[in-house]
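Enquirer:
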Amino acid sequence: MQAMLPVPTLRHLYTLFRIEQPVDFGRGPFGYRRALSITSGYFKGDRLKGKILTGGGDHLIMLKDGEVYTDTRYNLQTDDGAFIYVQTKGCRRGPKHLLRKILDGHTLTEQESEHVVFHMSVQLETGDKRYEWLNKIIVVATARRTQFGIGYDAYEL
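Residue numbering for the sequence shown is 2 to 158, as defined by the working numbering.
Structural data, given as structure tokens:
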């Protein structure tokens, strides 16, 4: 019998919250599309913290079964002046009526939120030598939408 490989561990990297302005494109041939302009936000962790720069975007598509797939690109600036490019891809799954409620701009109750799963992969990139370790790590995140934007906890794998 072959030995199992070690189970990966997670290390909290940062908590992030970003403010977004939605633009709805409606239902097209591939699903319901929405783009969200990222207007501001912040991130904070033990090894890095700072603000989200204006100008990024979150593009999502909602399929007929209610699943939502996201693709984001935006920029961070650390408190000590480093710039970090962020790209995320994720999927939000749960009961169709709760996913529709989120898409309509409503905030879920704590009890409702327990039935919705929102996971993402996060890719970080920087040219700043102080943070070049970010270019070499794998990051995953769990997220939650609020009435103002999205918050997530990112973890180094």
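The beta carbon of each residue, even a glycine, is placed where N, CA and C say it ideally should be.
1) Let me make sure I understand the geometry here. Which of Lys52, Leu125, Lys102, Met63 has the alpha-carbon closest to that of Ile39?
2) If we count the other Cβ atoms within 10 Å of its Cβ and call it buried at 16 or more, is Gly82 buried or exposed?
3) With a 10 Å radius around its C-beta and 16 neighbouring C-beta atoms as the bar for buried, classify Ala4 as buried or exposed.
4) Report the residue from Val123, Gly95, Thr127, Gly128 whose alpha carbon sits nearest the alpha carbon of Gln112.
5) Given a threshold of 16 other Cβ atoms within 10 Å of its Cβ, counted over all protein chains shown, does Arg19 qualify as buried or as exposed?
6) Identify, in the order they occur along the chain, each residue of the same chain with its Cβ nearer than 8 angstroms to the Cβ of Ser41, setting aside the five sequence neighbours on each side.
7) On the DSSP letters alone, give me the boundaries of the beta strand (DSSP E) that Arg12 sits inside.
8) Assign Arg101 to one of three DSSP states: helix, strand, or coil.
Expert: Taking the coordinates as given:
1) As a working note, residue 39 is residue 38 in the sequence shown. Of the listed residues, the one whose Cα sits closest to Ile39 is Lys52.
2) Sequence index remark: in the sequence shown, residue 82 carries index 81 (1-based). Classification of Gly82: exposed, given that the 10 Å Cβ count is below 16.
3) Your numbering for residue 4 matches position 3 in the sequence shown. Exposed.
4) For the purposes of this step, residue 112 is taken as the residue at position 111 of the sequence shown. Looking at the Cα atoms, Gly95 is the closest of the given residues.
5) Reading the sequence shown from its first residue, position 18 is the one you call residue 19. Per the 10 Å Cβ criterion, buried.
6) For the purposes of this step, residue 41 is identified with residue 40 of the sequence shown, where counting begins at 1. Contacts found: Arg19, Ile20, Lys52, Ile53, Thr55.
7) The sequence position of residue 12 within the sequence shown is 11, counting from 1. Start and end: 12-29.
8) Start at 1 with the first residue of the sequence shown, and residue 101 comes out as number 100. In the structure shown, Arg101 sits in a helix (DSSP, three-state: H, G or I).
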